[in-house]
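Engineer: Got a structure for you, written out below as structure tokens; questions coming shortly.
2 protein chains.
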Amino acid sequence: MSQPISASDGEYDVIVIGAGLSGLTAAYQLRNTIPGCKVIVLEAKDRIGGRTLTVPLKCAGGTDYWDLGGQWVCRTQHHILWLLKELGMGQYPQFTDGTKLQQSGNSAKPMIRTYESEIPSLPLHVLLDLLNFERKADSLARDIPCDAPWRAKNADDYDSITFEQFLARETWTQGAKDVVEGGFEVVNGSRGRGHSALNYLFYISSGISNKSLYDNKNAGAQESKIKGGAQPLSIKLQERLGQSNVLLSEPVVSIDQSSRSEVKVRTLSGKSFTCKYVINSIPMNCSVSIQYLPEPPSKRHMFIGHTKVGNLLKFIATYKTAFWRDKGYSGEIFNMSTNDGSNYRGPLLYVADATSPNDSPALVGFINNPLYWGNVEDCKRKNAILQHLATFLGSEALTPIDFMEKHWAKEPYNGGCPTNMMMTGAAEYWDEIRVPFHRVHWAGTETATHWMGYLSGAVQSGLRAADEIVNMLTTSEESKGNSSDLLQSLDNLGDVDRRSEVSWTSWGVSGLWTLGKIGLGLVAAGLVTAGVQALLQAD
Amino acid sequence: MSQPISASDGEYDVIVIGAGLSGLTAAYQLRNTIPGCKVIVLEAKDRIGGRTLTVPLKCAGGTDYWDLGGQWVCRTQHHILWLLKELGMGQYPQFTDGTKLQQSGNSAKPMIRTYESEIPSLPLHVLLDLLNFERKADSLARDIPCDAPWRAKNADDYDSITFEQFLARETWTQGAKDVVEGGFEVVNGSRGRGHSALNYLFYISSGISNKSLYDNKNAGAQESKIKGGAQPLSIKLQERLGQSNVLLSEPVVSIDQSSRSEVKVRTLSGKSFTCKYVINSIPMNCSVSIQYLPEPPSKRHMFIGHTKVGNLLKFIATYKTAFWRDKGYSGEIFNMSTNDGSNYRGPLLYVADATSPNDSPALVGFINNPLYWGNVEDCKRKNAILQHLATFLGSEALTPIDFMEKHWAKEPYNGGCPTNMMMTGAAEYWDEIRVPFHRVHWAGTETATHWMGYLSGAVQSGLRAADEIVNMLTTSEESKGNSSDLLQSLDNLGDVDRRSEVSWTSWGVSGLWTLGKIGLGLVAAGLVTAGVQALLQAD
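Sequences listed follow chains A and B, in order.
Everything in the first sequence is counted per my numbering, starting at 1 for the first residue and increasing by one.
Everything in the second sequence is counted per my numbering, starting at 1 for the first residue and increasing by one.
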């Protein structure tokens, strides 16, 4: 009773695997560049959008939309800015007015306090250590070529140690370690042991600097959000492509290139398609779930064996009022308690204001230790999150109107978020990352050179993969020119930003300001002491 | 024209995925233990045997058989010994008589010399360093519980560093590093950066000691070979199961447990099977190429993300005569030149006599830097191998009767050899390794606790997985007893060996012997010098 292998459910110029932002951008760009190009997108999930997901939640204004996946953009992310403009979508700034809250300490009784500047409130020696680390890391990252981190001068050294070890080597204080490790965990969903120092430096280099990765204003990666959410980017792209050209719930099970002149793609439901080229845009950790005939080069297998995907658990809670703003808080919370593997730190790792452009109050947060908290009963975890919120913001936090979480590692055909990371030893295989496998080309934010791991990186990778195919598929110099001109102009804008970045200076200003305050405090204290002594001596 | 989903191509009690040694052992044991148990084995490749492969080669005696995959067994590998007895298969000792050859040095002109003992010939300070390292590693490994390495007292420490770093920390001389790293690369097909120190210590613990891993006599892992080869183990198991119960060229593409009461298994050709339980015996790196509905726990994904498979390239060369024996060589060659990533070291990493039990002369070898040599043209690589052999053994090596290689990383549905290894950061996920996923149980040598990564580990894992299913599938106390008694008795024999191992003493004896020789040499040199001086003074 086995099924006969069907002839073909369609013949195409290009099959794009994965209807996330990179795959849909690639399909859109192909259709724009080569008139009449026959493209179909095959998506494993029952929805489009990949690692973006915009959901309706009950809120003060009735119902509004929030992002459970990728959401932030900023002014140096030129590839996503291009797409936003192309699709006529707007942005609005991340709300940052007010006092921030931090949790620190390494005892069972963590300490909560407020801070004002870009950097959490730290003892002077920790602050100096942190600033020194950031300066050093930025400086090292500037020497990592984003298109070939494995060629960096000290690539071998940084490939041989974990990020955890790099941090241990380059910092002196536990406090600085806690801030950096916590901050980077929010960004990439991984503790320091699971990826290499080279991966960390590449991440920074691709995102310009530490400051630009962590900031939520002044060109930082979290400075603005997309009006209507990030998933609508994919929805609008799908509309332009025509819904019938994006097939949902069709996980690809095999890519057969044995004929060399065409590619056969089969899906789990038994459908079979043929095409000239494939753009495989699904995350690396998922691309191994496809059976390839013939097999890709063993080096590619080995490369993927040296990567792992991050683990992020995100939540949105909507409220009747933005009660934190009323209390003078921005809504930003950063938990930099020492991560000793236990859970006394509480579930919150990072929280920010998520009030919608329609003024529906909400908070967005990321959960610390998702391996533990992700496997706690739903109601227990929700309760712990709200309780932890309340310790920072007050008891109003306990009664959200709506609450929704997303543990990306549990999403079928995803397995983790935000991106795949390179582990120690990956460097000798890394140059496989964008090498086409015969007629199969690779996209996905992992393959980006600018803002890898971000929405913008996804768009860049889609444009780059499309450009590769355009060059194979058409002899039209006009098409080739249109495709490569766009990609190059956007890449160039990114390169200019990277060259002009003086991130250390900005951090330095912030640090000096803090130092200045401490200095003034010391001087004031000295004057008071001197005054008191003078008075006592005068007696 | 999509294919209708067929009802079912068969209903079974148990579907075993993978017709390697572990899967076939599991199927065989199930059929032996539960009368009438309906078992089918689905194999992706067009052959059985997994990571064993026995091939005919032209040779002095006409044609004989050699192993391109796993081949060695030893007296402490009780699980494979049980299977050999069960199948009526014999062993014969690894030939070791004669002088061994070594290559050392770190210049472009490597140095070749002979040695006699178990340990290569090394300068005194290097020898002491090596012996000290082995002693320390053995001692640390004894504290690693083989069934739960993540629970070892210092698991967190050893999980945080690569094997490369462990080696840097625990040795003082480049020479000792070279010997250990080269030796372990022969065993596990990986350089030191791609796996954790905890993985290394677990490997040793599961294989008893450094000495038992590396030796080719005295209960060392390479002390004997299977008459007729290792793949016939699988062939005989297949015969006992009935050929119709082992389906070839049927790669599984999905395992559907959405009904919870049964499992649906689909293959790439479109066949669909239902069963009560699945034993998934394929290597971890391959098990991710199956789509699971629902998804396995995210922790399992994360675990596999923290593993990678080894990279081994093996060859067999047959000769008219065992010319190396005639010259007094055992055929053993160990290349311990410093691995600086270049290829001046030559392709050979380790070579041994592979003369068949029918006295057909042959050599077996493993290739250094398979990332490089695996991608060199076939004829160029063969030529380099033979030239390198000739520098050790003489020009007769240049003219083999037959020559065959196997680069396991290029084998479809394999991706590497001999086994999957844990990378830094794996410890917090490692306890997922044998946790059944609803009705899917896991086998494969990676999941073994005794001789993990070896033939014996494959057999143990098959028996263990079968035992798990027996306990679910039958209420017969007799069946349960038969199954668990066998497994426990074999495990117990292994435990006894492990406890009674005094490997360091044996290494020590060997080392002391070498030290003794050096000592005698120094004394002799001293006496000669003194004598000469006395003569001169007498003038």
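Ideal Cβ positions, reconstructed from N, Cα and C, are used throughout, including at glycine.
#1: Taking all protein chains shown into account, decide if A/T399 is buried (16 or more other Cβ within 10 angstroms of its Cβ) or exposed.
#2: Contact criterion: CB-CB distance below 8 Å. Does B/Q488 meet it with respect to chain A?
#3: Classify B/L455: buried if its beta carbon has 16 or more other beta carbons within 10 angstroms, exposed otherwise.
#4: Along the region 29-61 of chain B, what residues have a CB closer than 7 Å to any CB found in chain A?
#5: Grouping DSSP H, G and I as helix and E and B as strand, with all else coil, what is B/L313?
#6: Mind listing the chain A neighbours of B/A409? Cutoff is C-beta to C-beta under 7 Å, in chain order.
#7: Assign A/Y344 to one of two classes, buried (16 or more other C-beta atoms within 10 Å of its C-beta) or exposed (fewer than that).
#8: Given a limit of 7 Å on CB to CB distance, which residues of the region 302-316 of chain B reach chain A?
#9: Ignore the nearest five residues each way along the sequence and tell me which others in B/K271's own chain have a CB closer than 6 Å to its CB.
#10: In three-state terms, what does DSSP make of B/I29?
#11: Find the residues of chain A that neighbour B/Q251, judging by a C-beta separation of less than 7 Å, and give them in chain order.
#12: Against chain A, which members of the region 153-166 of chain B pass a CB distance test of less than 9 Å?
#13: Just to confirm the assignment: which complete beta strand (DSSP E) runs, minimum length 3, are found wholly within the region 25-79 of chain B?
#14: At 3 residues or longer, and completely inside the region 161-210 of chain A: list those beta strand (DSSP E) runs for me, N to C.
#15: Please state whether the Cβ-Cβ distance between A/S483 and A/V470 is less than 8 Å.
#16: Whether or not the region 177-192 of chain B and the region 141-154 of chain B are in contact is what I'm after, with contact meaning three or more pairs of Cβ atoms, one per stretch, closer than 8 Å; do they touch?
#17: Going along the region 420-438 of chain B in order, which residues come within less than 7 Å of chain A, judged by CB to CB distance?
#18: Mind reading off the beta-carbon distance from B/T267 to B/V252? Whole number of angstroms is fine, and I expect it under 8 Å.
#19: On the CB-based measure, 16 or more other CB atoms within 10 Å of its CB, does B/H306 come out buried or exposed?
#20: If contact means a Cβ-Cβ distance below 8 Å, which residues of the region 490-501 of chain B contact chain A?
#21: Quick one: which chain B residues come within Cβ less than 9 Å of A/S254?
#22: Could you tell me which chain B residues have their CB closer than 9 Å to the CB of A/P412, listed as they occur along the chain?
#23: Could you spell out the range, first to last residue, of the alpha helix (DSSP H) harbouring B/W157?
#24: If you draw a straight line from the C-alpha of A/V459 to the C-alpha of A/S22, how long is it?
#25: What's the gap between the Cα of A/L393 and the Cα of A/L101?
#26: Is it right to say B/V16 is buried, meaning 16 or more other beta carbons lie within 10 angstroms of its own, or is it exposed?
#27: Please classify B/R113: does DSSP put it in a helix, a strand, or coil?
#28: In angstroms with no decimal places, state the Cα-to-Cα distance between A/I5 and A/G36.
#29: Helix, strand or coil: how does DSSP classify B/T419 here?
#30: What does A/V288 reach in chain B if we use C-beta pairs closer than 7 Å?
#31: Below 8 Å on the Cβ atoms is my contact criterion, and I expect A/I333 with A/V351 to pass it. Report the Cβ-Cβ distance as a whole number of Å.
#32: Just the chain B side, please: which residues come within less than 8 Å of A/T191 by C-beta, in chain order?
#33: Applying a beta-carbon distance threshold of less than 7 Å, which residues of chain A neighbour B/E285?
#34: Please list the terminal residues of the continuous alpha helix (DSSP H) segment that includes B/E478.
#35: Is the shortest distance between the beta-carbon of A/L371 and the beta-carbons of chain B less than 8 Å?
#36: With DSSP as the reference, identify every bridge partner of A/H407, one or two as the case may be.
Structural biologist: Result, derived from the coordinates:
#1: exposed
#2: Using a CB distance cut-off of 8 Å, B/Q488 does not count as an interface residue toward chain A.
#3: buried
#4: none
#5: strand
#6: S298, H301, M302
#7: exposed
#8: M302, G305, H306, K308, V309, N311
#9: D9
#10: Sequence inspection shows Gln at residue 29 of chain B; the Ile mentioned does not correspond to that position. If DSSP states are grouped into helix, strand and coil, B/Q29 belongs with the helices.
#11: With the sequence shown as reference, residue 251 of chain B is identified as Pro, and Gln is not the correct amino acid for it. What B/P251 touches in chain A: Q291.
#12: Answer set for the region 153-166 of chain B: D156, D159, S160, I161, T162, E164, Q165.
#13: 39-42, 54-59, 62-67
#14: List check, beta strand (DSSP E) in window: nothing returned.
#15: yes
#16: no
#17: Interface annotation for the region 420-438 of chain B against chain A: M423, T424, G425, E428, criterion Cβ-Cβ distance under 7 Å.
#18: 6 Å
#19: buried
#20: none
#21: P251, V253, L268
#22: Q291, Y292, L293, P294, E295
#23: Correcting the residue identity first, residue 157 of chain B is Asp in this sequence and not Trp. 155-159 is the extent of the alpha helix (DSSP H) around B/D157.
#24: 5 Å
#25: A straight-line Cα-Cα distance of about 9 Å links A/L393 and A/L101.
#26: So B/V16 counts as buried.
#27: strand
#28: Bear in mind that a pLDDT of 43 at A/I5, under 50, signals an unreliable position, so the model cannot answer this.
#29: coil
#30: V288, S289
#31: 4 Å
#32: Checking the sequence, you will find Arg at residue 191 of chain A rather than Thr. What A/R191 touches in chain B: G425.
#33: Reading the sequence as shown, one finds Asn at residue 285 of chain B and not Glu. Within 7 Å Cβ-Cβ: G305.
#34: 477-500
#35: True, the Cβ-Cβ gap to chain B drops below 8 Å.
#36: A/L313
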